[in-house]
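Reminder that position 128 of the sequence shown reads as 128 in my numbering, one-by-one numbering, no gaps.
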Amino acid sequence: MYTIIQSGIYGSSSEICDVVTNEVKYIKSANEAEVRPFYLFIIIPKDTDTVKVNKGMLIFQNVGPYGVKTITKEYMQEFFKTKFNITLNLRTISSELFVKKVIKRDSIKRFVMVKNHKSGDTSDNVGKGYGAETRVLSDLHFNDGLWDRIFNKIIYVTKGKSNLFEFEEIEYNTLKLIVEIGGRIRTIDLHNVENLSIIESIPDEIKMADGHPHKERLITHIETVANEYLSEMVLQIK
């Protein structure tokens, strides 16, 4: 099922301009908001003979830098807590699926690897960052064999906060990737992907002339994407 959330920003005046002619068409007041529609899809899988499902999936639409995920999540958590005394947890679908969807070898700008060195003298380790060695790799190029090995190690790191990343026979305690996603540069801490979001681009053929998605085509596309995600998910809370 799906719903549409209307959202906009107000609180300051601004000029509405024609991006082609740069002509000012309208002066927006501080009390006016440019309201946009955002789709929210709610996917609740059915129980099977072997699995009693107690997880679902939410898919939020973003428009450029704008979205409604954070505020919607806060309202939903407050609603379930107040009405039903239920704690609603929203996390990424799975660490492995996140890596497969978001991290591509052509999108990685830098590897940031940190190795902690502990002193035999316990007093040395009191200070924050003592003995931390940081190594940054940029201008990266991977052949197929090297990328497969690196990618498998990245997936291993995401599966446990204490898992180490091994590179050139050195084990690193922390791995962060600087990647380009949808034209934006993001820093991803591979030891903390639970609260990060997978970003899916809406295919051009779904977008209409006004920039909004065609409803029926979008629903069909989301059904395909949701089934792909569900095939990777563990649908029970253990």
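From the three backbone atoms N, C-alpha and C, an ideal C-beta is built for every residue, glycine too.
Taking a contact as a CB-CB distance under 8 Å, the pair SER13 and ILE27 counts as one, their CB atoms being some 6 Å apart. Collapsing the DSSP output to three states places LYS46 in coil. Boundaries of the beta strand (DSSP E) around ILE178: 174-181. The Cβ neighbour count for LYS83, taken over all protein chains shown within 10 Å, is under 16; the residue is labelled exposed. Taking 9 Å as the cut-off, the Cβ atoms of VAL99 and THR174 do not count as close. Of the other Cβ atoms in all chains shown, 16 or more fall within 10 Å of the Cβ of LEU177; this residue is therefore buried. Non-local C-beta neighbours of GLU180 in its own chain, meaning closer than 7 Å and more than five positions away in sequence, comprise SER107, LYS109, ordered along the chain. Under the DSSP assignment, GLN77 falls in the alpha helix (DSSP H) whose first and last residues are 69-84. In the DSSP assignment, the residues bridged to PRO213 are LYS207.
DSSP places ALA226 in the helix class (H, G or I) of the three-state scheme.
Here GLU194 has ARG91, THR92, SER95 as same chain residues with Cβ atoms under 8 Å from its own Cβ, once five neighbours each way along the sequence are excluded. The Cβ-Cβ distance between LYS81 and THR72 does not fall below 9 Å.
Around the Cβ of LYS101, a 10 Å sphere holds 16 or more other Cβ atoms; the residue is buried. In the same chain as PHE41, and ignoring 5 residues on each side of it, the C-beta atoms closer than 6 Å to its own belong to TYR2, ILE59, ILE222, in chain order. Residue state for ASP106 is assigned as coil, using DSSP reduced to three classes. Sequence-distant partners of LYS69 (beyond 5 residues in either direction) whose C-beta falls short of 6 Å from its own C-beta, in its chain, are PHE60. The Cβ atoms of TYR39 and LEU230 do not sit closer than 9 Å to each other.
Rounded to the nearest whole angstrom, the C-alpha separation of SER138 and PHE111 is 7 Å.
Under the DSSP assignment, VAL157 falls in the alpha helix (DSSP H) whose first and last residues are 144-158. Assigned with DSSP and collapsed to three states, THR220 falls in helix.
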